[in-house]
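Chemist: Just so it is clear: in the sequence shown, position 503 is 561 by the working numbering, and no numbers are missing. All C-beta atoms in this analysis are idealised placements derived from N, C-alpha and C, irrespective of residue type, glycine included. Computed from a predicted model, the values in this text were never measured in an experiment.
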Amino acid sequence: MTATIVFWLLFIAFIGAFAAQVATRVRLIAAAPNTFNVNDAGFRIGRWLTDVLFQRKTIVERPVAGFMHALVFWGFLAFAGYTSIEFLYGLGIVDLTEARWFHAYRLFIAPFATGVLIGILYLLIRRAFVRPVGLGDHVSIESIVIALFIATLMVTYLLAFRLDEHSAAGRANWWIHMLVILAFMALIPASKHFHLVLSPVTVFLKSPELGNLPNLDFEKEQVGLETLKDLGSKSVLDAFTCVECGRCQVNCPAWGAGKELNPKAIILQTQDALLEGNRERKLGEIYSEKVLWQCTTCGACENQCPVGIEHLPILIGSRRGLVSNGDAPEYLGAMYNNLERRSNIWGLGYDQRTKFVTSAGLETFDPAKHDVLVWLGCAGSFDADFQKSLKSMFSILMRKGVKFGVLSKERCTGDPAKRTGNEYMYQELANGNIEDFKAAGVKKIVTSCPHCVKTIGADYAKFGYQVEIVHSSVFVNELLADTRSAKASAERDAVTYHDPCYLGRYAGTVDEPRELLTRFGADIKEPERNRDNPYCCGAGGGLLFADKEEEPGSRISDVRFKQLQATGANTVVTACPFCSIMLKGAQASAGADTQFVDLMTFVDGKLKSL
Ligand code: SF4
Ligand code: SF4
């Protein structure tokens with residue numbers, strides 16, 4: 059009886075400490091503007107099963123450490139019922155420990171205990187001695203204590219098989235087991251282990267769309283994020299879910315190139331600031347404005363995060379707040395001016411686009427005559443190099459009898475305005491284009507710009523406008539499915555392919571460019587960081603216009619160019635006009651003789667030589 063009372067008192071004390079800390083966090087989440095969304099429930103459930111239950115993301119990114127983590131996680135699930143029954147017993151509510159099914163259950167979870175022990179010891183050694191860079195500079199004492207707690211739980215559980223539960227040793231073993239659970243409960247809300255509780259919710263609530271940036275509603279006077287109290291409920295939940303694994307950090311191209319931006323630090327700074335309690339604090343003070351402008355919006359951070367955290371709503375939301383106060387960097391002022399005056403990022407006269415359209419013999423789109431609209435984009439309208447690539451695409455389409463046309467006039471999709479936080483300008487450009495698409499009766503669009511695919515395909519849908527848009531690599535791959543060059547493998551061209559972030563990561567288009575290259579005689583030498591986790595070229599998020607001489611650290615494009623060079627291939631195939639501009643710049647700085655070929659030019663050249 060005395061033991062039960064003591065257990066009740068301890069239970070109330072520890073669970074009270076747990077509840078008080080949880081309540082602080084729940085209050086902060088509840089006070090934030092609601093940004094929770096459960097649209098596309100089928101996709102969310104599927105992702106929850108693979109990423110939470112089967113730990114896909116954790117295992118794929120770091121197979122050994124991920125599997126060890128999965129062993130611990132699966133052990134927690136297996137032990138949930140056991141722990142609950144021991145608590146019911148300890149609190150004197152009901153004793154189910156003598157039931158036959160409980161004995162069977164106890165035996166069933168024994169292999170899980172062994173798995174948890176192996177997993178936690180591996181993770182403990184990795185954290186305390188191996189020290190991967192993403193885990194930070196200092197050994198976290200709290201993590202070591204938690205790991206030792208988990209190991210103690212498993213050892214005491216296994217010892218219970220050998221000890222008489224009524225002996226002094228058996229009773230002591232039971233008390234140690236239960237006290238460790240209570241201490242663990244009191245410790246986790248203030249530690250990164252709170253992800254055990256929050257991450258299943260955070261993963262479910264993560265947007266199905268990578269880099270999801272809902273439109274600002276100007277009628278509701280929304281201007282972006284200025285202070286902590288503007289952060290949406292999902293961002294606040296994210297801040298408390300971070301497990302500090304550093305995956306976002308080590309995959310961030312800005313951090314990789316030695317800049318100050320560290321997406322993990324952004325999340326942890328948000329958490330610290332929220333817990334300090336001053337919700338009026340300006341975000342520009344918490345993160346440093348300089349850091350906010352170093353993000354290329356490549357999406358690697360949120361794509362790699364195993365617990366469903368979305369960094370871009372914070373980064374771009376903060377940029378929106380700065381832009382609305384007139385605090386954008388100077389180079390963006392010039393770009394905004396170009397967009398405002400001439401509706402394109404370079405501020406060039408539309409006569410230049412008209413000249414290109416005329417010289418390429420393009421027709422104005424007419425739904426009665428044409429199957430698809432070809433969207434040129436700013437680069438296709440004005441960049442002479444990229445226009446050569448487009449001519450290659452036109453040549454392929456004509457050869458296969460595709461009837462296509464272009465709009466008589468285009469505006470920029472608004473991508474650079476949106477990703478740099480100039481939402482007002484983005485919405486003006488987007489609405490103008492949507493009206494033009496509707497007026498022209500457009501049903502399907504093909505473009506060679508991956509940024510335009512994302513903006514027209516996903517961002518315009520937020521205005522209720524939906525149109526099918528595909529990248530030229532997908533369209534042409536389908537078109538040429540039965541065509542191939544007959545090169546013997548010994549004669550194949552060694553090339554490397556740079557996946558653009560907005561194609562490989564955002565659109566998941568990784569196979570089609572490779573299928574085209576392989577079918578047309580290429581031997582692909584894969585670079586490090588490829589497919590759906592490429593290393594950025596450094597152009598996204600408005601950084602195409604940044605003054606590269608003033609950037610801290612290395613240039614992102616230089617780092618990527620070296621990775622591509624390391625493949626040994628002297629030809630780099632690209633499929634995005636901005637990657638091409640950035641990487642050619644890096645090549646010129648390096649004085650290298652690497653050739654750059656756009657995917658469409660590569661394919662067209664091979665077709666012509668068949
Ligand atoms: S989007 Fe890319 S550049 Fe920006 S913080 Fe994330 S990983 Fe870094
Ligand atoms: S934000 Fe996600 S990926 Fe980055 S450290 Fe936290 S849990 Fe890891």
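Using a 10 Å radius around the Cβ and a threshold of 16 neighbouring Cβ atoms, would you call isoleucine 199 buried or exposed?
Modeler: Reading the sequence shown from its first residue, position 141 is the one you call residue 199. Result: exposed.
Chemist: Can you give the Cα-Cα distance for leucine 455 and glycine 407, rounded to whole angstroms?
Modeler: Along the sequence shown, one-based indexing puts residue 455 at 397. Along the sequence shown, one-based indexing puts residue 407 at 349. Whole-angstrom Cα-Cα distance: 28 Å.
Chemist: What separation, rounded to the nearest whole angstrom, lies between the Cα atoms of leucine 341 and threonine 210?
Modeler: For the purposes of this step, residue 341 is identified with residue 283 of the sequence shown, where counting begins at 1. For the purposes of this step, residue 210 is identified with residue 152 of the sequence shown, where counting begins at 1. Cα-Cα distance, rounded: 42 Å.
Chemist: Here's a check: name, in chain order, each residue in its chain whose Cβ is nearer than 8 Å to the Cβ of glutamine 362, leaving out the five neighbours to either side.
Modeler: Against the sequence shown, residue 362 aligns to sequence position 304. Excluding positions up to five away in sequence, the list reads Lys115, Glu119, Arg305, Cys306, Asn309 and Asn591.
Chemist: Using alpha carbons as the reference points, say which of Thr567, Leu350 and Gln113 lies closest to proline 387.
Modeler: Numbered from 1 along the sequence shown, position 329 holds the residue referred to as residue 387. Checked all of Thr567, Leu350 and Gln113; the closest Cα to proline 387 is Leu350.
Chemist: Which term fits aspartate 98, buried or exposed, when burial requires 16 or more other beta carbons within 10 angstroms of its beta carbon?
Modeler: For this step, residue 98 is matched to residue 40 along the sequence shown. Its Cβ having fewer than 16 others within 10 Å, aspartate 98 is exposed.
Chemist: Note down, in chain order, each residue of its chain lying with its Cβ closer than 8 Å to the Cβ of cysteine 300, except the 5 sequence neighbours on either side.
Modeler: The sequence position of residue 300 within the sequence shown is 242, counting from 1. The answer, listed in chain order, is Lys250, His253, Lys322, Ile325, Leu326, Gln329, Val365 and Ile367.
Chemist: Alpha carbon to alpha carbon, how far is leucine 319 from isoleucine 403?
Modeler: Along the sequence shown, one-based indexing puts residue 319 at 261. Along the sequence shown, one-based indexing puts residue 403 at 345. Distance between the alpha carbons of leucine 319 and isoleucine 403 is about 25 Å.
Chemist: Is glutamate 302 a contact residue of ligand 4, with contact defined as CB to any heavy atom under 8 Å?
Modeler: This structure lacks ligand 4; the ligands present are ligand 1 and ligand 2.
Chemist: Among Thr659, Phe76, Ile178 and Ala604, which has the Cα closest to the Cα of glutamine 445?
Modeler: The count along the sequence shown starts at 1 and reaches residue 445 at position 387. The candidate whose alpha carbon is nearest that of glutamine 445 is Thr659.
Chemist: Given a cut-off of 9 Å, decide if leucine 465 and alanine 498 are closer than it, judged by their beta-carbon atoms.
Modeler: The count along the sequence shown starts at 1 and reaches residue 498 at position 440. The count along the sequence shown starts at 1 and reaches residue 465 at position 407. Against a cut-off of 9 Å, the Cβ pair of leucine 465 and alanine 498 comes out as a contact.
Chemist: Once you ignore the five residues that flank alanine 244 on each side, which residues in its own chain have a CB closer than 7 Å to its CB?
Modeler: Taking the first residue of the sequence shown as 1, we reach residue 244 at position 186. Taken in chain order, the residues that qualify are Phe72, Ala75 and Phe76.
Chemist: Scan the stretch 371-459 and note each continuous beta strand (DSSP E) run of 3 residues or more that stays entirely inside, going in chain order.
Modeler: Listed in chain order, the complete beta strand (DSSP E) runs (minimum 3 residues) inside the stretch 371-459 are 430-433.
Chemist: Mind checking whether proline 311 and cysteine 637 have CB atoms under 9 Å apart?
Modeler: Counting from one through the sequence shown, the residue named residue 311 turns up at place 253. Counting from one through the sequence shown, the residue named residue 637 turns up at place 579. It is not a contact, given that the beta carbons lie outside the stated cut-off.
Chemist: Using a 10 Å radius around the Cβ and a threshold of 16 neighbouring Cβ atoms, would you call arginine 189 buried or exposed?
Modeler: Within the sequence shown, residue 189 is the residue found at index 131, counting from 1. Exposed, since its Cβ has fewer than 16 Cβ neighbours within 10 Å.
Chemist: Alpha carbon to alpha carbon, how far is leucine 181 from leucine 193? Give it in angstroms, no decimals.
Modeler: Numbered from its first residue, the sequence shown carries residue 193 at position 135. Numbered from its first residue, the sequence shown carries residue 181 at position 123. Roughly 12 Å between the two C-alpha positions.
Chemist: Examine the Cβ distances between the stretch 617-630 and the stretch 406-423 and report whether three or more of them are shorter than 8 Å.
Modeler: Too few Cβ pairs lie closer than 8 Å, so no.
Chemist: Is threonine 299 near ligand 2, with its Cβ less than 8 Å from a heavy atom?
Modeler: Mapped onto the sequence shown, residue 299 falls at position 241. Yes, Cβ of threonine 299 sits closer than 8 Å to a heavy atom of ligand 2.
Chemist: With DSSP collapsed to three states, give me the class of histidine 251.
Modeler: The count along the sequence shown starts at 1 and reaches residue 251 at position 193. Correct three-state label for histidine 251: helix.
Chemist: Could you tell me whether any non-hydrogen atom of ligand 1 is closer than 8 Å to the CB of leucine 319?
Modeler: Reading the sequence shown from its first residue, position 261 is the one you call residue 319. Checking the Cβ of leucine 319 against ligand 1 gives yes.
Chemist: Considering only the alpha carbon of each residue, which of His224, Thr260 and Phe207 lies closest to isoleucine 234?
Modeler: Position 176 of the sequence shown holds residue 234. Out of His224, Thr260 and Phe207, Phe207 has the C-alpha closest to the C-alpha of isoleucine 234.
Chemist: Would you say the beta carbon of glycine 375 comes nearer than 8 Å to a heavy atom of ligand 2?
Modeler: In the sequence shown, the residue the question calls residue 375 occupies position 317. Checking every heavy atom of ligand 2 against the Cβ of glycine 375, none is found closer than 8 Å.
Chemist: Nearest by alpha-carbon distance to phenylalanine 298: which of Glu284, Lys278, Thr285 and Pro247 is it?
Modeler: For this step, residue 298 is matched to residue 240 along the sequence shown. If we check each option's Cα against that of phenylalanine 298, Pro247 comes out closest.
Chemist: Just the C-alpha distance for proline 266 and histidine 196, rounded to the nearest angstrom, thanks.
Modeler: The residue labelled residue 266 in the question sits at position 208 within the sequence shown. The residue labelled residue 196 in the question sits at position 138 within the sequence shown. One C-alpha to the other measures close to 35 Å.
Chemist: Contact between the stretch 171-180 and the stretch 284-295 is defined here as three or more beta-carbon pairs at a separation below 8 Å; is this criterion met?
Modeler: The stretch 171-180 is not in contact with the stretch 284-295.
Chemist: Under a Cβ-count criterion, where at least 16 other Cβ atoms within 10 Å of its own Cβ denotes burial, should glutamate 338 be classed as buried or exposed?
Modeler: Counting from one through the sequence shown, the residue named residue 338 turns up at place 280. Under this definition glutamate 338 is an exposed residue.
Chemist: Could you tell me if the beta carbon of cysteine 356 falls within a distance shorter than 8 Å of some heavy atom in ligand 1?
Modeler: Numbered from its first residue, the sequence shown carries residue 356 at position 298. Checking the Cβ of cysteine 356 against ligand 1 gives yes.
Chemist: At a threshold of 8 Å, does glutamine 327 count as lining ligand 2 (C-beta to nearest heavy atom)?
Modeler: For the purposes of this step, residue 327 is taken as residue 269 along the sequence shown, with counting starting at 1. Incorrect: glutamine 327 has no Cβ contact closer than 8 Å to ligand 2.
Chemist: Quick one: residues in its chain with C-beta nearer than 8 Å to the C-beta of glycine 314, no 5 flanking neighbours on either side, listed in chain order?
Modeler: Position 256 of the sequence shown, counting from 1, holds the residue named residue 314. Once the five neighbours on either side are set aside, the close Cβ partners of glycine 314 are Val308, Tyr593, Ile614 and Val617.
Chemist: Quick check: is any heavy atom of ligand 2 less than 8 Å from the C-beta of glutamine 113?
Modeler: Stepping through the sequence shown from its first residue, residue 113 is reached at position 55. No.
Chemist: Going along the chain, which residues of its own chain have a beta-carbon closer than 7 Å to the beta-carbon of glycine 515, five neighbours each way excluded?
Modeler: For the purposes of this step, residue 515 is taken as the residue at position 457 of the sequence shown. Counting only Cβ-Cβ distances below 7 Å, and skipping sequence neighbours, we find Ile527.
Chemist: Can you tell me whether arginine 51 is buried or exposed? The criterion is at least 16 other CB atoms within 10 Å of its CB, across all chains shown.
Modeler: Residue 51 cannot be examined here, being either before or after the span of the chain that is shown, 59 to 668.
Chemist: May I ask you to check if the CB of cysteine 306 is nearer than 8 Å to at least one heavy atom of ligand 2?
Modeler: Residue mapping note: residue 306 aligns to position 248 of the sequence shown, counting from 1. Because some heavy atom of ligand 2 lies under 8 Å away, the Cβ of cysteine 306 counts as near it: yes.
Chemist: Closest to phenylalanine 69 by C-alpha separation, out of Val568, Leu237, Ile151 and Val525, would be which residue?
Modeler: If you number the sequence shown from 1, residue 69 lands on position 11. The shortest C-alpha separation from phenylalanine 69 is found at Leu237.
Chemist: Assign phenylalanine 137 to one of two classes, buried (16 or more other C-beta atoms within 10 Å of its C-beta) or exposed (fewer than that).
Modeler: Working through the sequence shown from its first residue, we reach residue 137 at position 79. Buried, because 16 or more other Cβ atoms sit within 10 Å of the Cβ of phenylalanine 137.
Chemist: Are the beta-carbon atoms of aspartate 473 and histidine 529 separated by less than 9 Å?
Modeler: What you label residue 473 is simply residue 415 of the sequence shown in a count that begins at 1. What you label residue 529 is simply residue 471 of the sequence shown in a count that begins at 1. No.
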